[in-house]
Amino acid sequence: MQKIFPILFFSLITLVSCGTDNDDKVSESIVTFNFNHNWDGSTVTNTNFSTIQYTNANGEELSITKLRYLISNITFQKSDGETFVLNGYNLVDVTNNTNLSFSPTTTIPKGSYSKVSFTFGFNNEDNYNNNYPDLNAASWSVPALLGGGYHYMQLEGRFINNITTQTGYVYHTIRAVDNSGATPTFQDTFFEVDLGEVTITNNATFEINMNIAEWFKNPNTWDLNTLNNMLMPNFNAQMMMFQNGQDVFSLSAVNQ
Amino acid sequence: MLKWTPYYILLFFVCLSCSNESVDEYVPTPSPLQIPQLFQDNILAPVIPTNNPQTVEGIALGKKLFSDPILSADNSQACVNCHAPENAFTDPDRFSDGIDGLLGNRNSMPLFNLAWNYDEKFFWDGRVFSLEHQAFQPVTDPLEMHNTWAQVEQRLQQHIEYPNLFERAFGTSTIDSTLVTKAIAQFERTLISSNSKFDKYLLGEVTLTPQELNGFNVFMDETKGDCFHCHGSDKNPLWTDNIFHNNGLDATITDLGLGKVTGDPADNGKFKSPSLRNLAFTAPYMHDGRFATLDEVINHYSEGLQNSPTIDPLMKKVDQGGVQLSTQDKADLKAFLLTLSDYHFIDNN
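Sequence lines, in order, name chains H and P. To convert, note that position 132 of the first sequence is 132 in the working numbering; the numbers rise steadily by one, no gaps. Each number in the working numbering comes from the position in the second sequence (counting from 1) with 1000 added on.
In structure tokens form, the structure reads like this:
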């Protein structure tokens, strides 16, 4: 009789392995992040691209022809300090209408969180310690001359300059680097976006908004006439973008 | 021993029940693409349709069809006439003549690393999706092979070798246009260029001259060439983004390019960024072959840019014609660009 066991056992395992796994973790929730975009309240999608129709804080009329940006490190923190960092990063691509919704593969336990946040861009560890084939294939990398790693955002379009001709602008954010001296000096420009307290009772969808106008507004009123191109190696421009970025994101709803 | 038999039979059926393959269907010999190290390390896997896997027999058939004038109406022109191996699978003409001596208005395109065109949009204006669909076009194009598929199918079916070759590649000797395009696409996917001097430099096998290194820096420097935003980099060994841009060739746009395909005026004058591999073999340059030399191309980006409503924002200082590279930087940039040419690819295809 003993000899049958291995056979029966193996048969059982084989049969079980045929089925799709289905262990419901009822105490865990799937979270989804939707990325919505607006210009001071009016919705922006790629259907609004390429037409000059927005006016920035400095008074220039402009269009958007490209917008994509990287977010990473979505983090749920409990009041006792316990944190859950969700796997993965997401390259939101408004131009192509892709990755506007992101569901990390990791789930989180239901309950109250004192803080939910994500990183705009990559922190230095993620930026420099990994090679990302999907981001490389999307031509998202930063030249080694500027320290390597990856872009955080690419915002491009055209504006009407102070002599009323149309000019392109290229507003790319990366980690700030000053290359003027013998050795480059860096300043971090990724930042944490704090979405505040949330209680998760079910699978949850976070509606995140980016007000694109904020990139040109506060605290630095952005003058596209002087700052429209070659901004990646421009240390001061990168610091100003970093400062202006602090208020661009908000959370409008958590649906669950 | 006999008493175990039922259990072994049970085990046999249990194992069998997991799989649903039929047993004795003819299967051609799989021939997976040889993915180069730098591609493996840096970018996503190539696109291979599940309904057209690479096989030894399919690739061989595709190669034969690619070189066979049987596809053209008067048996005078093969794909290879406009896509010649010594020119990295393009031709040296500005516009190529078709069988009726008519010229198109687009420069022939080199063919390599096509399986890594992730969006699968082919032609200068991206009007065809997938390599299989692309191969339908030249055969019936009045400016190219000007044939009908019915005639091609009939000729191949009556040929002494082809029915047997299709049998071996696809398990059927009944030839139709879909199988012809599948075989050609399999062959095209094997055209992989990854062995240039710059590739070897990245793999640590050779060194670059100071001039070539400075040229690479010009290419990567946003205040100088700034070519990397569209044409790849050491992290994107395709040396193209395969995306559509207007790189400032004309103030008045006559060939609408992508705009004709999408119907969106915002796309007028946009063409697919070509790969900068193999430029030593692929002159003349641009969608209409307007530039005979790389010096002309570099002068265009440096001081020849033309403003138009759809010019890419990455084209900078357009009012001055461009960033005005120094004579030295221009020469260095050219030297760097030539390190992307892959003599191994030319010699082995």
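Think of the CB as a built atom: it goes at the ideal place given N, C-alpha and C, for glycine as much as any other residue.
P/Leu-1044: contacting residues in chain H (beta-carbon distance under 8 Å): Here the neighbours are Pro-133, Asp-134, Ala-137.
Cβ pair P/Gln-1324, P/Ser-1341 closer than 9 Å: Using a Cβ distance threshold of 9 Å, P/Gln-1324 and P/Ser-1341 do not count as a contacting pair.
Neighbourhood of H/Gln-238 by C-beta distance below 6 Å, restricted to the same chain and skipping five residues each side: When the five nearest sequence neighbours on each side are left out, the beta carbons in the same chain lying within less than 6 Å of the beta carbon of H/Gln-238 are those of Ala-176, Thr-189, in order along the chain.
Proximity of P/Leu-1258 and P/Gly-1101 at Cβ, strictly below 9 Å: No, they are not a contact pair.
Contact list for P/Ser-1233 against chain H, beta-carbon separation under 8 Å: Contacts between P/Ser-1233 and chain H, judged by CB atoms closer than 8 Å, involve Ser-139, Ser-141, Pro-143 in chain order.
Separation of H/Gln-246 from H/Glu-214, as counted between CA atoms: A straight-line Cα-Cα distance of about 9 Å links H/Glu-214 and H/Gln-246.
Contiguous alpha helix (DSSP H) assignments of at least 4 residues, all confined to the stretch 1195-1270 of chain P: The stretch 1195-1270 of chain P contains these whole alpha helix (DSSP H) runs: 1197-1202, 1210-1220, 1228-1231, 1258-1262.
Collapsed DSSP secondary structure at P/Ile-1059 in the structure displayed: It is helical.
Stretch pair the stretch 106-122 of chain H + the stretch 145-159 of chain H: three plus CB contacts closer than 8 Å: Yes, the stretch 106-122 of chain H is in contact with the stretch 145-159 of chain H.
Complete runs of the beta strand (DSSP E) confined to the stretch 146-231 of chain H [at least 3 residues]: As summarised for the stretch 146-231 of chain H, the continuous beta strand (DSSP E) elements at least 3 residues long and confined to that stretch are 153-160, 166-173, 176-178, 185-187, 191-200, 204-211, given in chain order.
Terminal residues of the beta strand (DSSP E) in which H/Thr-32 lies: Its beta strand (DSSP E) spans residues 31-39.
Host alpha helix (DSSP H) of P/Lys-1334 (start-end): Start and end: 1327-1338.
Endpoints, alpha helix (DSSP H) assigned at H/Asn-244: 235-245 is the extent of the alpha helix (DSSP H) around H/Asn-244.
Within chain H, the residues that P/Asn-1217 reaches when beta carbons sit closer than 9 Å: Simply Pro-143, Leu-145.
C-beta neighbour in chain P for H/Pro-184, strict 9 Å: Not closer than 9 Å to any Cβ of chain P, the Cβ of H/Pro-184 fails to qualify, so no.
Buried or exposed by the 16-neighbour rule on C-beta atoms within 10 Å, applied to H/Ser-114: It counts as exposed.
Secondary structure, alpha helix (DSSP H): runs of 4+ residues fully inside the stretch 1028-1094 of chain P: Counting whole runs of 4 or more residues, the stretch 1028-1094 of chain P contains the alpha helix (DSSP H) stretches 1037-1042, 1056-1066, 1079-1082.
Chain P contact residues for H/Glu-156, given Cβ-Cβ distances below 9 Å: In chain order: Asp-1312, Pro-1313, Leu-1314.
Presumed contact (8 Å Cβ cut-off) between H/Asn-34 and H/Ser-101, rounded CB distance: At roughly 5 Å, the Cβ-Cβ gap stays under 8 Å, so H/Asn-34 and H/Ser-101 are in contact.
Spatial neighbours of P/Glu-1212 in its chain, beta-carbon cut-off 6 Å, leaving aside the 5 residues before and after: Once the five neighbours on either side are set aside, the close Cβ partners of P/Glu-1212 are Ala-1335, Phe-1336, Thr-1339.
9 Å Cβ cutoff met for P/Phe-1123 and P/Ile-1192: Taking 9 Å as the Cβ cut-off, P/Phe-1123 and P/Ile-1192 do not qualify as a contacting pair.
Proximal chain H residues relative to P/His-1229, where beta-carbon distance stays under 9 Å: The contacting residues are Ser-139, Gln-154, Val-170, His-172.
Within chain P, partners of H/Ser-50 - CB distance below 7 Å: What H/Ser-50 touches in chain P, judged by beta-carbon distance under 7 Å, is Ala-1266, going in chain order.
Test: H/Asn-22 CB closer than 9 Å to a CB of chain P: Reliability of the predicted coordinates at H/Asn-22 is poor, the pLDDT of 43 falling under 50, and no value is obtained from them.
Between the CA atoms of P/Gln-1137 and H/Gly-157 - distance to the nearest angstrom: Answer to the nearest angstrom: the Cα atoms are 35 Å apart.
Within 9 Å, strictly: CB atoms of P/Asp-1119 and P/Ile-1243: Against a cut-off of 9 Å, the Cβ pair of P/Ile-1243 and P/Asp-1119 comes out as a contact.
Any non-hydrogen atom of the ligand HEM closer than 8 Å to H/Phe-190 Cβ: Among the components of this structure there are no ligands whatsoever, and the ligand HEM is therefore not found.
DSSP-derived helix/strand/coil call for P/Pro-1274: Coil, per DSSP.
Counted within 10 angstroms of its Cβ, other Cβ atoms place P/Thr-1310 as buried (16 or more) or exposed: Residue environment for P/Thr-1310: buried (at least 16 other C-beta atoms within 10 angstroms of its C-beta).
CB contact check: H/Asn-229 to chain P, cutoff 9 Å: Interface residue (Cβ-Cβ distance to chain P less than 9 Å): H/Asn-229 is classified as such.
Nearest candidate by alpha-carbon position, reference H/Phe-84, set H/Asn-96, H/Leu-224, H/Tyr-69, H/Gly-111: Of the residues H/Asn-96, H/Leu-224, H/Tyr-69, H/Gly-111, the one whose Cα lies closest to the Cα of H/Phe-84 is H/Gly-111.
Contact set for P/Asp-1329: own chain, Cβ-Cβ below 7 Å, skip 5 residues either direction: So the qualifying residues of the chain are Val-1218, Lys-1224.
Stretch-stretch touch, CB-based, cutoff 8 Å, three pairs: the stretch 1196-1205 of chain P with the stretch 1082-1091 of chain P: As far as the Cβ criterion goes, the stretch 1196-1205 of chain P does not touch the stretch 1082-1091 of chain P, which means the pair count is below three.
Exposed unless 16 or more other CB atoms sit within 10 angstroms - verdict on H/Thr-199: Within 10 angstroms of the beta-carbon of H/Thr-199 lie fewer than 16 other beta-carbons, which makes it exposed.
Contact set for P/Asp-1347: own chain, Cβ-Cβ below 7 Å, skip 5 residues either direction: For P/Asp-1347, same chain residues with a beta-carbon under 7 Å away, outside a window of 5 residues either side, do not exist.
Sequence-distant residues of the same chain with beta carbon closer than 7 Å to H/Ile-71, five excluded per side: These residues qualify, in order along the chain: Tyr-89, Asn-90, Val-92, Phe-118, Thr-119, Phe-120.
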